[in-house]
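To start, the structure under review is shown below, and the notes come after it.
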Amino acid sequence: MVQRLLLLLLVLSSQLGFLHALPCFQCSRVNASGVCVTKEGVCETRGSQRCFLRKVYEDGTLSYGYQGCSSVCYPLALFNPAVTLEEKCCDDSPFCNKF
Ligand SMILES: *[C@@H]1O[C@H](CO)[C@@H](O)[C@H](O)[C@H]1NC(C)=O
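The opening residue of the sequence shown carries number 144 in the numbering used here; numbering runs sequentially from there.
This is the structure in structure tokens:
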């Protein structure tokens, strides 16, 4: 019982550290020149979320990107030789996921 309480306390306190909300750029499509071509917005990180910026390269050239808040982050994922996904996540400053 005591152990369970301690565990709960530990979980809660580790969550508290993430409670500060950080504003991030949100855009579901940023073109290759860095212009948001869809509705541009702002999201705020919640829980363990961070700002992310994903860039999609096709045949080695930047094709498009997107921005937002996410709790999952894959530093680099390769779909196939022609398409590369580059992902950057950050939580060190507001709007740190600038394209
Ligand atoms: C990105 O969008 C802007 C504004 O619509 C446009 O001027 C620019 O040419 C676009 N860039 C590319 C690479 O499509």
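Every residue, glycine too, gets a C-beta built ideally from N, C-alpha and C.
Since we're looking at a predicted model, the values are computed, not measured.
- Residues with their Cβ less than 6 angstroms from any non-hydrogen atom of ligand 1, running along the chain, are 174, 175, 176, 178, 180.
- Looking only at 174, 232, 224, 170, the smallest Cα-Cα distance to residue 205 is reached by 174.
- Residue pairing by DSSP puts residue 174 in a beta bridge opposite 207.
- Around the Cβ of residue 188, a 10 Å sphere holds 16 or more other Cβ atoms; the residue is buried.
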